[in-house]
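Undergrad: Take a look at the following structure, please.
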Amino acid sequence: MLSNMAASLILHKRLSTTVAKAKALRKYVEPLLTKSKNDTTHSRRTVFAYLQDKESVKELFDEVSVKIANRPGGYTRILKTGYRLGDNAEMCVIELVDYNEDMLTTTGTAGAKKTRRRSSSKKKGAESTEASTPATPEAEGTKEETKDAE
């Protein structure tokens, strides 16, 4: 079962399964991904002994190993999705980290955190409300009249 799931994960880059199976699959597939970084005949045969699928071995050594070449480990990500209706098993999505484009783009923008600061004085708050009112000739005239009346 693990070899079939590993082959499917390599081919499709994402797999929906239970959390227990995903954790077992992570321990099974991560050493294979590490072994794929070294493209030799021996490593190809070793990976094929685990996967038993020519297409997934070819995909692993040709495309996946290029993307994970500079990553020191942690090639998979488990995202919990909820519970299955039939038996209430906890479900998740296991995916290859470098192939989720949505997560790659959001992590780059989340690093720059912007904060807004404002003055706590009431005087400046009153000035900002006057500045936000539209400046029309009639409104300016009424302001001058109120200043003269004081």
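Under our numbering, the residue at position 60 of the sequence shown is numbered 68, and the numbers go up by one with no gaps. Even for Gly, the Cβ is constructed at its ideal location relative to N, Cα and C. If you're wondering where the values come from, they're calculated on a predicted model, not measured in any experiment.
1. Just verifying my parser: in three-state terms, what is the DSSP assignment at S11?
2. Report yes if the CB atom of L19 is closer than 8 angstroms to the CB atom of E67, and no otherwise.
3. Using the Cβ count rule (16 or more neighbours within 10 Å means buried), how would you classify L59?
4. Which residues in the same chain as V37 place their Cβ atom closer than 7 angstroms to its Cβ, once the five residues preceding and following it in sequence are excluded?
5. Quick check on the DSSP output: the beta strand (DSSP E) that includes K21 runs from which residue to which?
6. For the alpha helix (DSSP H) containing K88, name the first residue and the last one.
7. Of the choices S64, L41, D61 and L10, whose alpha-carbon is the least far from that of P80?
8. In its own chain, which residues sit with a C-beta less than 6 angstroms from the C-beta of D61, not counting the 5 before and 5 after it?
9. Short check: CB of D95 to CB of F69, under 8 angstroms?
10. Tell me the residue span of the alpha helix (DSSP H) that contains E67.
TA: Per the coordinate set shown:
1. Along the sequence shown, read from residue 1 onward, the residue named residue 11 stands at position 3. S11 carries a helical assignment under DSSP once its states are collapsed to helix, strand and coil.
2. Within the sequence shown, the letter at position 11 stands for residue 19. Within the sequence shown, the letter at position 59 stands for residue 67. A contact, by the Cβ cut-off of 8 angstroms.
3. As a first step, residue 59 is located in the sequence shown; it is residue number 51 there, counting from the start. Buried, because 16 or more other Cβ atoms sit within 10 Å of the Cβ of L59.
4. Within the sequence shown, numbered from 1, the residue matching residue 37 stands at position 29. So the list reads A14, L17 and T84, once near-sequence residues are dropped.
5. If you number the sequence shown from 1, residue 21 lands on position 13. Careful: K21 lies outside any beta strand (DSSP E) and carries neither H nor E.
6. Position 80 of the sequence shown, counted from the first residue, corresponds to residue 88. Note, K88: premise wrong, no alpha helix (DSSP H); beta strand (DSSP E) at T84 to Y91.
7. By 1-based counting over the sequence shown, the position of residue 80 is 72. Of the candidates S64, L41, D61 and L10, the one whose C-alpha sits nearest the C-alpha of P80 is L41.
8. Residue 61 sits at position 53 when you count from the first residue of the sequence shown. For D61, where only same-chain residues beyond five positions count, the Cβ hits under 6 angstroms are A15.
9. Along the sequence shown, one-based indexing puts residue 95 at 87. Along the sequence shown, one-based indexing puts residue 69 at 61. Not a contact, by the Cβ cut-off of 8 angstroms.
10. For the purposes of this step, residue 67 is taken as the residue at position 59 of the sequence shown. Where E67 is concerned, the enclosing alpha helix (DSSP H) stretches over K62 to E67.
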